[in-house]
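K.L.:
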Amino acid sequence: MSTPAQRAANARHLAKLDLIKIQPPKAEGEAIRAAAAAAGQSLQGYILQAVRDRMQQEQQTSQEQ
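In the numbering used here, the protein residues as written are 176 to 240.
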């Protein structure tokens with residue numbers, strides 16, 4: 176069991192996070208999981224890094240135009 180202080184700390188932490196759910200087809204999900212493992216990253220870390228890279232690339236592209 177967690178203490179009231181632990182539950183409160185957890186609630187504060189979760190309040191800072193956004194929940195984004197993706198549902199790829201099973202084969203694509205397996206491929207993403209395998210790529211994350213091969214890169215030595217967690218699935219979440221791998222996906223977030225890919226999104227950050229894409230956002231940065233698109234920002235640079237829009238600045239060049």
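By construction, the Cβ of each residue, glycine as well, lies at the ideal position given by its N, Cα and C atoms.
1. Could you check what DSSP says for M250 in three-state terms: helix, strand or coil?
2. Measuring CB atoms only, is the stretch 218-225 touching the stretch 194-209, in the sense that at least three cross pairs come out at less than 8 Å?
3. Once the 5 residues before and after A211 are set aside, which same chain residues still bring their CB inside 6 Å of it?
4. If you run the structure through DSSP and keep just helix, strand and coil, what is S237?
P.N.:
In terms of the structure at hand:
1. In the structure as shown, the chain starts at 176 and stops at 240, and residue 250 therefore has no counterpart that could be examined.
2. yes
3. Residue 211 sits at position 36 when you count from the first residue of the sequence shown. Excluding residues within five positions, the ones whose Cβ falls inside 6 Å are L218 and Y221.
4. Taking the sequence shown and counting its residues from 1, one reaches residue 237 at position 62. Three-state result, S237: helix.
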